[in-house]
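Trainee: Just so you know, we're using my numbering here: the sequence shown kicks off at 29 and counts up by one. Backbone N, C-alpha and C define an ideal beta-carbon position, used for all residues, glycine too. I have a structure I would like to understand better, so I am pasting it below and will then ask my questions one at a time.
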Amino acid sequence: MTELDVAGLQRRLAAFAAARGWEPYHTPKNLAVALSVEASELVEIFQWLTPEESARVMEDPGSAHRVTDEVADVLAYLLQFSEVLGIDVLAALAAKIDRNELRFPVPENKDRHSSE
């Protein structure tokens with residue numbers, strides 16, 4: 029059965045790279061660059077869409093496939109980058125949400141978009 033937890037996916041990605049002899053190229057710098065490239069490919073899909081068109085992008089099977097593939101590429105490189113640097117992505121995200129909740133408290137008037 030396919031592992032769908034973070035650690036399992038990181039193991040699969042590491043095994044995939046190892047089987048192809050790619051470990052020497054999986055440095056933090058190279059993985060960060062690859063992550064940026066893949067994120068840019070995701071942005072490219074939306075570049076000239078209106079906000080309304082972008083909200084409907086998953087309705088078209090071709091666009092949906094492209095978006096899904098680019099999201100997978102971004103996540104794959106992010107997981108590999110995090111693994112190489114020993115970052116627990118779930119703990120890092122939870123800690124960041126905690127900091128943001130303190131930094132941006134819910135305003136008394138919930139129509140406001142800032143904590144000013």
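#1: Rounded to whole angstroms, what is the Cα-Cα separation between A43 and A122?
#2: For Y105, I'd like the list of residues in its chain whose CB is within less than 7 Å of its CB, leaving aside the five on either flank, ordered along the chain.
#3: For a test of the three-state rule: what should DSSP assign to T96, helix, strand or coil?
#4: Let's see if you can read the secondary structure: which residues bound the alpha helix (DSSP H) around P56?
#5: Am I right that V85 and V95 are in contact with their C-beta atoms under 8 Å? What's the rounded C-beta distance?
Mentor: By the coordinates alone:
#1: 27 Å
#2: L59, A62, L63, E66
#3: helix
#4: 56-74
#5: 6 Å
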